[in-house]
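Accompanying notes for the structure given below.
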Amino acid sequence: MKGKFKAIVIGASAGALDALSSILPQLPAEFPLPIMVVVHLPPDKESILAQLLSKKCKLQVKEAEDKEKIKPGTIYVAPPDYHMLIENDKHISLSSEEPVLFSRPSIDVLFETASDVYEDSLIGVVLTGGNNDGTNGLKTIISLGGTAIVQQPDSAYATAMPEAAIKACPEAHILSLEQIVIFLKKAAL
0 MKGKFKAIVI
10 GASAGALDAL
20 SSILPQLPAE
30 FPLPIMVVVH
40 LPPDKESILA
50 QLLSKKCKLQ
60 VKEAEDKEKI
70 KPGTIYVAPP
80 DYHMLIENDK
90 HISLSSEEPV
100 LFSRPSIDVL
110 FETASDVYED
120 SLIGVVLTGG
130 NNDGTNGLKT
140 IISLGGTAIV
150 QQPDSAYATA
160 MPEAAIKACP
170 EAHILSLEQI
180 VIFLKKAAL
């Protein structure tokens, strides 16, 4: 597994801040992989998610910018009302195309575009949430040889998203938040 993984994508909705706050601050300052995060946010308000996480994390946390080059050891949070896509040259692209499953940013859009770029070196993580966004993206990650992780539904604030992902992706690792931290730390070695 050493050196296999090159990037992590995480999707969450209802209960996201608590779940992300249980995972991301546990990652060490020298964590080498970039992490791209989509959380369903209200489109009409400025997000303070990156600021909140930045105060807790050892890694740099920032709201993603259009055409930004992806750097190791950085957490990129999708801004409200924009899809976050990963381009072939490992740059972030922001799009205001139509919502997917009523969501913009969409977890599926991030997961699908990241899997096209990173293929079998990508880890996709579906956390708490109240719809099934992320399920199709997780299926794409698996189909291209990547690794899928789903939060144990019984530990999720909202169970619909992890349950949908597990049903569609039975090969996914179903882990508690603590186990996800351990998995990601080992994956980064």
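The sequence shown: position 114 = 113 (numbering that gives the first Met the number 0), numbered continuously.
Virtual Cβ for every residue (Gly too), placed ideally from N, Cα, C.
Treat the numbers as computed from the prediction; the structure is a model and nothing was measured.
Query, Result
"Any beta carbon from chain D within less than 7 Å of residue 176's own beta carbon?", "Of the chains in the structure shown, none is chain D; there is only one protein chain."
"Leaving aside the five residues before and after residue 55 along the sequence, list all residues of the same chain whose C-beta is less than 8 Å from its C-beta, in chain order.", "20, 23 and 24"
"Ends of the alpha helix (DSSP H) at residue 112?", "106 to 117"
"Hey, which unbroken runs of the beta strand (DSSP E) at 3 residues or more fall wholly within the region 114 to 166?", "121 to 125 and 146 to 150"
"Taking buried to mean at least 16 other C-beta atoms within 10 Å of its own C-beta, is residue 95 buried or exposed?", "exposed"
"Decide if residue 2 is buried, meaning its Cβ has at least 16 other Cβ atoms within 10 Å, or exposed.", "exposed"
"Mapping the DSSP letters down to three states, classify residue 44 as helix, strand or coil.", "coil"
"Taking the C-alpha atoms as reference points, what is the distance between residue 196 and residue 104?", "Past the boundaries of the shown model lies residue 196; the chain is included only from 0 to 188, so the question cannot be answered."
"At the level of alpha carbons, what is the spacing between residue 0 and residue 139?", "With a pLDDT of only 46 at residue 0, under the threshold of 50, the placement of this residue in the model should not be trusted; the figure read from the coordinates follows. Their Cα atoms are separated by approximately 21 Å."
"Excluding the 5 residues flanking residue 49 on each side, which residues of the same chain have their C-beta closer than 7 Å to its C-beta?", "60, 61, 62 and 76"
"Quickly, what does DSSP pair residue 59 with across the bridge? List them, please.", "73"
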